[in-house]
Amino acid sequence: MKIKRRAFLVLGSLLGLSPYLNAQVINGFQKEFKEVEKTLYAVQDHMFPEGCPLPSAQAMYMTQFLYDTMQHHSFDKDIKAFVIEGAKELQKREKGKFNTMSSKEKEKALRAYEETRYGSSWLSRIMTLSMEGMFSDPIYGSNTKEAGWKALGSYGSFPRPKTKYLES
Amino acid sequence: MYDVVIIGSGASGGAVAYTLCKAGYKVAVLEKGRLMRREAFSKDELAYCRRDLVTPNLFDEYHTIEEKVEGKWVATPTHESGWSFWNGNIVGGSSNLMSGMFHRLHPDDFRLKSKYGAIKGANIEDWPISYDDLEPYYTLAEELVGISGHHIPHRYEPKRSTPNFSQPPTKENAVVKLLDKSCENLGFTPLVTPRAVLSKDSNGRKACYYSNLCGSYGCSSGAKGSARESLINPALATGNLTLLTNSHVKRLQSDSQDKVHAALVVDTITGKERYIKGKIFVVAAQSHESARLLLNSSNQYHPKGLGNSSGELGKNLIFSGGGAGQGELQKENLKQIKFEDLMTTGLFVNRSILDWYFIDHWWDGKFKGGSVEFMFEHQNLISRARKDNEVKGKLVWGKALGERVEKRFQEQKSIRFEIFNDWLPNDDCFVSLDPTHKDKYGMPVGKLRVEGHPQDIKVGKYIAKKCEKILVEMGAKEVYSSISSSPSTNLVAGGCRFGNNPKHSVLNKYCQSHDVKNLFVADASFMPTGGSVAYTWTIYANAFRVADHIIEQLNITKI
Numbered sequence: 030m031k032i033k034r035r036a037f038l039v040l041g042s043l044l045g046l047s048p049y050l051n052a053q054v055i056n057g058f059q060k061e062f063k064e065v066e067k068t069l070y071a072v073q074d075h076m077f078p079e080g081c082p083l084p085s086a087q088a089m090y091m092t093q094f095l096y097d098t099m100q101h102h103s104f105d106k107d108i109k110a111f112v113i114e115g116a117k118e119l120q121k122r123e124k125g126k127f128n129t130m131s132s133k134e135k136e137k138a139l140r141a142y143e144e145t146r147y148g149s150s151w152l153s154r155i156m157t158l159s160m161e162g163m164f165s166d167p168i169y170g171s172n173t174k175e176a177g178w179k180a181l182g183s184y185g186s187f188p189r190p191k192t193k194y195l196e197s
Numbered sequence: 037m038y039d040v041v042i043i044g045s046g047a048s049g050g051a052v053a054y055t056l057c058k059a060g061y062k063v064a065v066l067e068k069g070r071l072m073r074r075e076a077f078s079k080d081e082l083a084y085c086r087r088d089l090v091t092p093n094l095f096d097e098y099h100t101i102e103e104k105v106e107g108k109w110v111a112t113p114t115h116e117s118g119w120s121f122w123n124g125n126i127v128g129g130s131s132n133l134m135s136g137m138f139h140r141l142h143p144d145d146f147r148l149k150s151k152y153g154a155i156k157g158a159n160i161e162d163w164p165i166s167y168d169d170l171e172p173y174y175t176l177a178e179e180l181v182g183i184s185g186h187h188i189p190h191r192y193e194p195k196r197s198t199p200n201f202s203q204p205p206t207k208e209n210a211v212v213k214l215l216d217k218s219c220e221n222l223g224f225t226p227l228v229t230p231r232a233v234l235s236k237d238s239n240g241r242k243a244c245y246y247s248n249l250c251g252s253y254g255c256s257s258g259a260k261g262s263a264r265e266s267l268i269n270p271a272l273a274t275g276n277l278t279l280l281t282n283s284h285v286k287r288l289q290s291d292s293q294d295k296v297h298a299a300l301v302v303d304t305i306t307g308k309e310r311y312i313k314g315k316i317f318v319v320a321a322q323s324h325e326s327a328r329l330l331l332n333s334s335n336q337y338h339p340k341g342l343g344n345s346s347g348e349l350g351k352n353l354i355f356s357g358g359g360a361g362q363g364e365l366q367k368e369n370l371k372q373i374k375f376e377d378l379m380t381t382g383l384f385v386n387r388s389i390l391d392w393y394f395i396d397h398w399w400d401g402k403f404k405g406g407s408v409e410f411m412f413e414h415q416n417l418i419s420r421a422r423k424d425n426e427v428k429g430k431l432v433w434g435k436a437l438g439e440r441v442e443k444r445f446q447e448q449k450s451i452r453f454e455i456f457n458d459w460l461p462n463d464d465c466f467v468s469l470d471p472t473h474k475d476k477y478g479m480p481v482g483k484l485r486v487e488g489h490p491q492d493i494k495v496g497k498y499i500a501k502k503c504e505k506i507l508v509e510m511g512a513k514e515v516y517s518s519i520s521s522s523p524s525t526n527l528v529a530g531g532c533r534f535g536n537n538p539k540h541s542v543l544n545k546y547c548q549s550h551d552v553k554n555l556f557v558a559d560a561s562f563m564p565t566g567g568s569v570a571y572t573w574t575i576y577a578n579a580f581r582v583a584d585h586i587i588e589q590l591n592i593t594k595i
């Protein structure tokens, strides 16, 4: 059954809709993203920390990738809203302290968030978008020096893109 | 005024355009999407497989899909579900993005009702033509589109008028040794998959360079037999083809009972509308969209939709039944072949099984079965890295995630099978016009009800069990299969059935409207039943046949 996705993504947050949902301009998104940027980074950093077989969120500029990929007009606006709303909800659940928590505390907070259907789906989406950056062509700004591909031992095929689809 | 106006530039539109242009007629092809040349196609997973680079944004153009919820039909727009039914809106259509596993239908596919009888709840009808009528066009498509392969006689392999393919098979991964041996051990017969991919240079198209990414991507060597490479480009070279891109047809206009005189076209970039006039109109927009266009073209003469005096327009839409299965060939327990050879990238598996195309077994019974294709799991990096990163419903992250992904890529390779069996036509699978939803051009969107028939699942599961045995025999681990009643959004046919009786069919045996004599539908819409293989070879072949008939009609008009 695939009919409930939008209702789930957009209306599932306890906080309700962000005002930017109705705004058609990029600036609205830019402002909303800025508000949750540190939380998004903290989550990505916890999922992809330094010293693991896969490159880290920091080294892969995963949060910047998240912004770049979502700001394009072709990106699904419901998912865009979901990413923002889900981060706000995490902030609220943890009373604004998530970003400064220790790794152990973050693990506990995220696992608790994962217990909710909404939180579980949001974390899954953040992982998907982060991996899109890490394993897509380096032209998109993540996967720097092909570090993501090197970790897999598998590389992108040829011909590689000469331009970003984001430029269209 | 053009001799012929074709709506859509995919497999069928390309075949008709090619034939008519070669015969010297002036043709206009109206393509909703843009032209992407060979050089423009890259292996950009993010663009082609994670975003909508070659299909419309679902918030602009969409379908509504009806599913049964608690006993009631509920229609949901695809921008809400994320379930896209678009398939490559660029010149050449979805043929640019296909995997190119091609099979002919079996002669009995043309007479399923006569051969196996009616099935309760299914609207099966025999075709008004036979395999022999289509065989020369299968052969023509094999040459023009460029299908490589090696013919192995088999009881369910249809007869050929040529002894073998002119292009040898594409290169194969060492896994075929293991697969062939395993099939032999089990008494099954693997066949070499005919593939619409050139193994040798031909007519300005380069041979396959084994990029490792074929399906879902455009081909940058021209090896893949897309309509753009094999038919539209040569048609353009005749000087007789006018290719109008970014041109979406909103409706067909009629000025009399039995004739279309113009297509109302909107420029998808400027929004400007204009009429394109022609002597003959050929609709080739892919089944669900072709039916929608004709329904949206209703007028005073055709209040139920253009050419719909039978009331059959949009009905008996079909997809492909079946499903898929997979197993892991692991470094630690791989047999018969070297792990390095298995991990060689780019080479094809190229194996099909037709042993269960028809079942006639003392215990299992007598029924129509299906075909099977073997392949590696799609080699996209993002999707492979992302899949199955959960344990007991919880996401794996951090060090454990890295180790898990590393092992998946470096110590195993997934071997996969896909089953194709008939999607039986039935009363709950059709396209109509949504009464409220409209696309960005102001036209009602197609509403698709997509219910399958229980027999489809039964057949799929029967074949899946056999295929799982093959994977186990190969030594694969974690073997599973999934047979689903979910429609294959990239394999759609029916909706404008052809037949001899105008009361029960939309088109005659030449895919010409019974009601409107200068209107043809050349895509897979004509198919009363779909057979148990991917449709594309049959779409190409039938469109060549239709084009020959159109030439006859134009010649008569000249006289």
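Heads up: the protein sequence lines correspond to chains A and B, in order. All residue numbers for the first sequence refer to the working numbering, where the first residue is 30 and numbers rise by one. All residue numbers for the second sequence refer to the working numbering, where the first residue is 37 and numbers rise by one. Each residue gets a CB set at the ideal place from its N, CA and C atoms; glycine is no exception. Since we're looking at a predicted model, the values are computed, not measured.
query	result
Name the residue from 537/B, 410/B and 471/B whose alpha carbon lies nearest to the alpha carbon of residue 507/B.	410/B
Classify residue 516/B as buried or exposed, calling it buried when 16 or more other Cβ atoms lie within 10 Å of its own Cβ.	exposed
Rounded to a whole number of angstroms, what is the C-alpha to C-alpha distance between residue 440/B and residue 118/B?	29 Å
Step through the CB atoms of chain A and report whether any lies within less than 7 Å of the CB of residue 419/B.	no
For chain B, find out if any of its Cβ atoms is closer than 7 Å to the Cβ of residue 188/A; answer yes or no.	yes
In terms of alpha-carbon separation, which member of 148/A, 105/A, 65/A and 102/A lies closest to residue 92/A?	65/A
Which of helix, strand or coil does DSSP assign to residue 114/B?	helix
When burial is assigned at 16 or more other CB atoms within 10 Å of the CB, is residue 202/B buried or exposed?	exposed
At least one CB of chain B closer than 7 Å to the CB of residue 123/A: is that the case?	no
Compare the Cα-Cα distances from residue 355/B to each of 61/B, 570/B, 300/B and 222/B and report the closest residue.	570/B
The alpha helix (DSSP H) spanning residue 122/A covers which residue range?	106-122
Jot down the residue ranges of each uninterrupted alpha helix (DSSP H) in the stretch 153-202 of chain B, minimum 4 residues, whole runs only, in chain order.	167-177
Out of 574/B, 236/B, 72/B and 300/B, state which residue places its alpha-carbon closest to the alpha-carbon of residue 479/B.	300/B
Apply the 10 Å Cβ neighbour rule to residue 102/A and answer buried if 16 or more other Cβ atoms are within range, or exposed otherwise.	exposed
In whole angstroms, what is the alpha-carbon distance linking residue 253/B and residue 121/B?	17 Å
Rank 97/B, 447/B and 286/B by C-alpha distance to the C-alpha of residue 308/B and give the top, closest one.	286/B
Does the structure place the stretch 49-65 of chain B close enough to the stretch 125-145 of chain A that three or more beta carbon pairs sit under 8 Å?	no
Any heavy atom of the ligand SAM closer than 6 Å to the CB of residue 99/A?	This structure does not include the ligand SAM; it has no bound ligands of any sort.
If I measure Cβ to Cβ from residue 170/A and keep anything under 7 Å in the same chain, skipping five residues before and after, which residues do I get?	90, 93, 94 and 97
Quick one, which of 537/B, 44/B, 82/B and 545/B has its alpha-carbon nearest residue 64/B's?	44/B
Candidates 193/B, 319/B, 71/B and 260/B: which alpha carbon is nearest residue 582/B's?	319/B
So, for residue 52/A: in the same chain, excluding its five sequence neighbours on each side, which residues have a beta-carbon less than 6 Å away from its beta-carbon?	Residue confidence for residue 52/A is low, a pLDDT of 44 falling below 50, so the modelled location carries little weight; the figure read from the coordinates is stated next. Here the set comprises nothing.
Going by Cα to Cα distance, which pick from 219/B, 433/B, 147/B and 353/B is closest to residue 482/B?	353/B
Per DSSP, which one or two residues make a beta bridge with residue 1/B?	Any answer about residue 1/B is impossible in this case: the structure gives chain B only from 37 up to 595.
Going along the chain, which residues of its own chain have a beta-carbon closer than 7 Å to the beta-carbon of residue 474/B, five neighbours each way excluded?	480 and 481
Buried or exposed, going by whether 16 or more other CB atoms sit within 10 Å of the CB of residue 54/A?	Because residue 54/A carries a pLDDT of 49, less than 50, the predicted location of this residue cannot be relied on, and the following value inherits that uncertainty. Exposed, because fewer than 16 other Cβ atoms sit within 10 Å of the Cβ of residue 54/A.
Residues of chain B with a CB under 7 Å from the CB of residue 182/A: which are they?	445 and 446
Just checking my contact of residue 500/B with residue 455/B at CB under 8 Å: how many whole Å lie between their CB atoms?	6 Å
In this structure, does DSSP put residue 54/A in helix, strand or coil?	The predicted model places residue 54/A with a pLDDT of 49, which falls under 50 and marks its position as unreliable; any figure quoted below should be read in that light. Residue state, collapsed to three classes: coil.
Between the Cα of residue 83/A and the Cα atoms of 111/A, 175/A and 154/A, which residue gives the shortest distance?	175/A
Using beta carbons (cut-off 7 Å, strictly below), is residue 164/A in contact with chain B?	yes
For the beta strand (DSSP E) that contains residue 291/B, what are its first and last residues?	283-292
Could you give the first and the last residue of the continuous alpha helix (DSSP H) run that contains residue 140/A?	132-143
Can you find a C-beta in chain B that's less than 7 Å from the C-beta of residue 160/A?	yes
Taking the continuous alpha helix (DSSP H) assigned at residue 631/B, which residues delimit it?	No answer is possible for residue 631/B: it lies beyond the span of chain B, which begins at 37 and ends at 595.
With distances taken between CB atoms, is the gap from residue 616/B to residue 128/B smaller than 7 Å?	Nothing in the structure corresponds to residue 616/B, since chain B is present only between 37 and 595.
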